[in-house]
Amino acid sequence: MAPAQKEATLAVSCAPTAAGVSAAGVVRRETASASGAADWGVSSAAKDLQSKNLATLMRPDPSSKATTKGIQLMPRAQTKHPLDPLSGTEISVAVATVRAAGATPEVRDSMRFIEVVLLEPEKHVVALADAYFFPPFQPSLLPRAKGGPEIPSKLPPRRARLVVYNKRSNETSVWIVELAEVHATTRGGHHRGKVISSTVVPDVQPPMDAAEYAECEAIVKDYPPFIEAMKRRGIDDMDLVMVDPWCVGYHSEADAPSRRLAKPLIFCRTESDCPLENGYARPVEGIHVLVDMQNMVVIEFEDRKLVPLPPADPLRNYTPGETRGGVDRSDVKPLQIVQPEGPSFRINGHYVEWQKWNFRIGFTPREGLVIHSVAYVDGSRGRRPIAHRLSFVEMVVPYGDPNEPHYRKNAFDAGKMALGRMLILLRRIICSGSSTLFVARMDMAVDSKPGEMHNQIRNTRNVNRNGQLTGYKLVPGSNCLPLAGPEAKFLRRATFLKHNLWVTPYARGEDFPGGEFPNQNPRVGEGLASWVKQNRSLEEADIVLWYVFGITHVPRLEDWPVMPVEHIGFVLQYAKDAVACGWQPHGFFNCSPAVDVPPNACDMDAKESDVKDNGVSKSISSGLIAKL
């Protein structure tokens, strides 16, 4: 909680109360509804008493443009914005609540918590939070009644969404748990939330977790036929062996989700005592292994072909002693970038302000970074929203080797691997030819329809000074579609890769282009491809854009031992000569919003010198510029 918020909360708790009226009654008389929403009405008597007791409260206001004129000031007990990621305590409460709801100890012990994430609230709840409880503080967003704005006493409780795999029954379930602002209910010394719903999802397999990967490696390395196969290849030390479990995907009915299956790839290190040893430099070919991940047993094994191991390459490890003979180039001079007055951005919790932009950041185990509530402070027009939510919702990597077992290497890094959990420790790239295709999901803040140009987003209510509808334009950069043929099996689950741009009206629950559970999914075209078939209108709709972009990587010697950077991305930008794909305002502003950016010191020095030599500089007044 910010210091100013702490002061406000303490001031309320210590404020004197009138006779016969409790402090709780002074703050708000609340009526809980079946949906858990609070009664936001206030009696006139309570308002009078409230104004007397809370006259000294000052609300923290990081936005200098915000106004509270005519708004009754209220204490805000909320310590977390509705979009803030779950804290460690909240995750523990959610897990403990679900585990306690298990019917038997066996059921509770067999639960694997694949994902525990914030259940993001409806957009009107976010608007209320931003209007009154948290920055950017926009009272204009408050609901209106005859007597003026309706002031909420509090926001609905936060909720967690849990994906749980029951190892005992091979079932996947989705749980919703309500988390109180203060976890007051205690049973047996443990905090508890409240289970709102629990639903078993049939015929799916959720992502595998790190514990399952470790168990799979252990049982394969202890399997006697596997040990014999390694000896045939001259490998006696099993500590050198790496077992990399891969989800089987879906290629035939044998991969149906009734079983939880993995098909490991095998590698062998050269040295067991080298912490930086590149184990992926020596793949072990010719061995077929299939593992039942539910029961952790090898159900298929075949030593099909004795393929010699690759020789130990002296350049396999990216260490100074083994690359360039341990000698670094000496002509690189130090580069120092300093900001003596500090950075130009401000961060308050998960709220960021930078160069007239403001937004919130969050993280999920599946997507990684999520950007919420993107807006731009546009002079006298105030805060102008641009996007509700931006994230990368999928990363599909189909590898280009048609041989067994590599043709099965079609990774859905978000849907099958939970990409967000691996952003710190990414799995290394195996250098066969591959395409890397990203899907950016952009829930735009413009209540609009696509404009005349297929890549423009236009508001249907606001116009710029030329009388045109305001909008933003998607500027694509270098791009590609999958090189795989239409009969490729992975395209059953990745139909969304067939087009670079999709547009759908916003619908709660439509979050992932291949559906929530792409692993071993037998259903063709689930997700985006099925949503667009509904042919819903985009007129006056809250639209979501899905942009598919990527690159195809053809390995080269310079990629060894560590592949350099391939640049492709998605940025919010103003430049018209965009190189990467990005968002470009298209009639959104009345002129360039960068005209008020101060020049750098070198330009100022040159200008002052020119004025001294050639004359006096005069400022040019402009009403339009003044409005910025």
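Position 144 of the sequence shown, counted from 1, bears residue number 614 in the numbering used here, the numbering being contiguous throughout. Using N, Cα and C, we set each Cβ at its ideal position, and we do this for glycine too.
According to the DSSP assignment, V994 belongs to no beta strand (DSSP E), since it is labelled neither H nor E.
The Cβ-Cβ distance between I841 and F829 falls below 8 Å. Minimum Cα-Cα distance from P677 among the listed residues V767, A732 and L953 corresponds to A732. With a cutoff of 8 Å on beta-carbon distance, V754 and F737 are scored as near each other.
Straight through space, the alpha carbons of A977 and F1059 are spaced by roughly 29 Å.
A Cβ-Cβ distance of about 27 Å is found for the pair R739 and D762, leaving them out of contact under the 8 Å criterion. Three or more Cβ pairs closer than 8 Å define a contact, and the region 990-1001 meets that threshold against the region 964-982. Taking C-alpha positions only, Q675 is separated from S728 by approximately 8 Å. Residue ranges of uninterrupted beta strand (DSSP E) with 3 or more members, entirely inside the region 822-870 and ordered along the chain, are 827-834, 838-847 and 853-868.
According to the DSSP assignment, V1014 belongs to the beta strand (DSSP E) that extends over A1011 to H1023. Here P868 is buried. Its C-beta has 16 or more other C-beta atoms within 10 Å. Taking C-alpha positions only, P605 is separated from E741 by approximately 54 Å. The residue among R702, V909, R931 and V863 with its C-alpha nearest the C-alpha of E1010 is R931. Spatial neighbours of E648 in its own chain (CB-CB distance under 6 Å, excluding positions within 5 residues in sequence) are listed in chain order as P627, R629, G663, K664 and I666.
Measuring C-alpha to C-alpha distances from G1057 to each of R1006, L951, D1029 and R935 identifies R935 as the nearest.
Cβ atoms of P956 and A915 stay farther apart than 8 Å, at about 36 Å. In the three-state reduction of the DSSP assignment, P619 falls in the strand class. Looking at D783, A964 and K701, the one whose alpha-carbon comes closest to that of P1031 is D783. Taking a 10 Å sphere around the C-beta of N991, we find 16 or more other C-beta atoms and assign the residue as buried.
Excluding five sequence positions before and after E687, the CB atoms of its chain that fall closer than 6 Å to its own CB belong to V713, given in chain order. As the crow flies, the alpha-carbon of L625 is around 12 Å from that of L553. Per DSSP, E772 is not a residue of any alpha helix (DSSP H); the beta strand (DSSP E) it occupies stretches across V767 to D773.
Membership of E560 in the alpha helix (DSSP H) is indicated by the continuous run G558 to A570. Between the alpha carbons of E986 and V633 lies a gap of roughly 10 Å.
For I736, the uninterrupted beta strand (DSSP E) segment begins and ends at L735 to C738. About 7 Å separates the CB atoms of H820 and H551; that is less than 8 Å, so the two are in contact. Rounded to whole angstroms, the Cβ separation of T965 and W1001 is 11 Å, and the two are not in contact under 8 Å. By alpha-carbon distance to R851, the top candidate from P1063, P813 and R962 is P1063. V671 is bridged by DSSP to T642.
Only buried fits N880, as 16 or more other CB atoms lie within 10 angstroms of its CB. In chain order, E685 and I689 place their CB closer than 6 Å to the CB of M766, counting only its own chain and leaving out the 5 sequence neighbours on each side. Counting only runs of 4+ residues, the alpha helix (DSSP H) found wholly inside the region 688-738 occupies 694-702, in chain order.
The residue among Y877, A751 and F908 with its C-alpha nearest the C-alpha of D1029 is A751. Per DSSP, A597 is one residue of the alpha helix (DSSP H) stretching across K593 to L598. When rounded, the separation of the alpha-carbon atoms in G947 and M912 is 17 Å. Across the structure, P781 and T642 are spaced so that their CA atoms are roughly 44 Å apart.
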